[in-house]
Ligand code: NAP
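Here is the structure:
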């Protein structure tokens, strides 16, 4: 079992009482009393806090009095910190957590060893922290060094400067020797806090809310339970995720995890912050592939890694869907776990263009082939424009690309045999379908539109790929002009539905997907 531990980081007893109540209500399975946060710290205060917490909680209690140099809130002297831990042993704490460096001091060592020996129900947790990055000594070597002492639980925590730093933690947990707490701090280490359960760590920490988080990258209990399926994670849970940068605001984890839960699938979807270039991307996917026990089965790919993903799969000799080759970008990678040869293990797709074409054809009530010869104006020449232009030109639509940087429009137009112009030519456009593929109108800049209202006509359909908000100013203006409107939300849902099908072999409940996204957008 991996416990969900919640730190109680209170300045006084009253605040602690409220935090304990909130933590228990949210589902905390262990409470960590962070005595270093208390104002006017004294052994009397500590005794009182432990007694009150024990009376209120039916869960185990860890007592910690963190050294300021190891992330503590205040600079309490070593003597007082070890007095606090000694008292905790004699006052009914279930665990005391002492920093490895403090434990090495003869004074603390003798005091704690005696206190723990006198209280056989109390377990000693020895912890080491590295705030700058991975431990220079190596994680396994440190575990062995600390393991020579009488620690019941060893806790090793370091900052991941890149998501690839997490694999050392996964490997140590994967070897599964004894009660270990190993995770990475920082945004790049976020997945290690979630995967702690899959990999059998002794516990993971979560905060009651963002204000009471005690370490960078710590998730709230609500996020762990509601967004990242904490209660459903097992050792054999299959993993998926969205690779991109930035990734914190991606809707993909919410949508895919909700659908996995709805379909009762033993699958989990993670946000995979991938900073850096193609080399970093390749190292990450190689790391996943070479550790089948981690259980990664597929990825969504977003900015700026869609091209890196294509090149990676090509280099591995995997299968790339032909239009994804033509678009030059991949937004979905699937590992085929049952295939034996490396070449057949990775397949790559682009569900953006299919999602867009489906949104257009269903809004217009026609088959995709009905888009042949249709005059289309595409505003923008970035990644999304490229996918849509490739899809539409494959069908035979007559496309003109308008872009702020005309040279980019020219380049894209040359590749797909289209016309092009600068944005100043938009007032002259003559098209039956207008598609916005720029970020203009996207949250928070919702009061702008890529075209002036004169351009919008009754006999036109207008598709805005922006999906936040679901109804952009452009769509409101198009509706007012009597034009048909197509929301970027439909494209987003279609591409996510296609990914879900690639990940699971099943069709998702699209209406459930829509409701999930709308709920998140309303937040
Ligand atoms: P991208 O590759 O960065 O391209 C951005 C495009 O927007 C470029 O053509 C850029 O013109 C133009 N642009 C940006 N700011 C502008 C401004 N202030 N004035 C004029 N043009 C501007 O981005 P992308 O991946 O194509 O994504 C574009 C949009 O598509 C996103 O913002 C998002 O809202 C939407 N999207 C929707 C979905 C969906 O499923 N519905 C999926 C992904 C993205 P320059 O070339 O001159 O820089």
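In our numbering, the protein residues as written are 99 to 621.
Glycine included, C-beta positions come from ideal geometry on N, C-alpha and C.
Could you tell me the alpha carbon to alpha carbon distance between residue i and residue j, rounded to whole angstroms?
i: residue 165; j: residue 101; result: 24 Å
i: residue 397; j: residue 492; result: 26 Å
i: residue 267; j: residue 282; result: 7 Å
i: residue 580; j: residue 598; result: 35 Å
i: residue 184; j: residue 620; result: 50 Å
i: residue 663; j: residue 480; result: Only positions 99 to 621 of the chain appear in the structure, and residue 663 is not among them; the question remains open.
i: residue 303; j: residue 522; result: 54 Å
i: residue 220; j: residue 194; result: 7 Å
i: residue 140; j: residue 115; result: 18 Å
i: residue 129; j: residue 105; result: 6 Å
i: residue 350; j: residue 131; result: 35 Å
i: residue 596; j: residue 475; result: 26 Å
i: residue 326; j: residue 292; result: 7 Å
i: residue 229; j: residue 161; result: 21 Å
i: residue 365; j: residue 613; result: 20 Å
i: residue 569; j: residue 530; result: 20 Å
i: residue 369; j: residue 456; result: 26 Å
i: residue 157; j: residue 448; result: 48 Å
i: residue 387; j: residue 446; result: 15 Å
i: residue 217; j: residue 429; result: 56 Å
i: residue 611; j: residue 181; result: 54 Å
i: residue 443; j: residue 371; result: 24 Å
i: residue 551; j: residue 543; result: 18 Å
i: residue 566; j: residue 578; result: 20 Å
i: residue 339; j: residue 367; result: 5 Å
Is the closest heavy atom of the ligand NAP to the C-beta of residue i under 7 Å?
i: residue 536; result: yes
i: residue 52; result: Residue 52 lies beyond the residue range present for the chain, which begins at 99 and ends at 621; the question has no answer from this structure.
i: residue 407; result: no
i: residue 617; result: no
i: residue 540; result: yes
i: residue 564; result: yes
i: residue 590; result: yes
i: residue 506; result: yes
i: residue 309; result: no
i: residue 480; result: yes
i: residue 113; result: no
i: residue 626; result: Only positions 99 to 621 of the chain appear in this structure, which leaves residue 626 out of reach.
i: residue 401; result: yes
i: residue 503; result: yes
i: residue 466; result: no
i: residue 453; result: yes
i: residue 545; result: no
i: residue 450; result: yes
i: residue 494; result: no
i: residue 342; result: no
i: residue 626; result: The question about residue 626 has no answer, for the chain in this structure spans 99 to 621.
i: residue 117; result: no
i: residue 556; result: no
i: residue 247; result: no
i: residue 593; result: yes
Who does residue i pair with in a DSSP beta bridge?
i: residue 473; result: 496
i: residue 227; result: 255
i: residue 336; result: 365
i: residue 161; result: 131, 194
i: residue 279; result: 253
i: residue 534; result: 477, 562
i: residue 318; result: 305
i: residue 432; result: 396, 445
Report yes if the C-beta of residue i is less than 7 Å from at least one heavy atom of the ligand HEM; otherwise report no.
i: residue 483; result: Of the ligands one can find in the structure shown, namely the ligand NAP, none is the ligand HEM.
*Examine the Cβ distances between the region 550-566 and the region 578-587 and report whether three or more of them are shorter than 8 Å.*
yes
*asked:* When you compare the region 459-477 with the region 492-508, are there three or more beta-carbon pairs, one atom per stretch, that lie closer than 8 Å?
replied: yes
_Counting beta carbon pairs with one atom in the region 151-163 and one in the region 236-243, are three or more of them shorter than 8 Å?_
no
_When you compare the region 397-415 with the region 376-384, are there three or more beta-carbon pairs, one atom per stretch, that lie closer than 8 Å?_
yes
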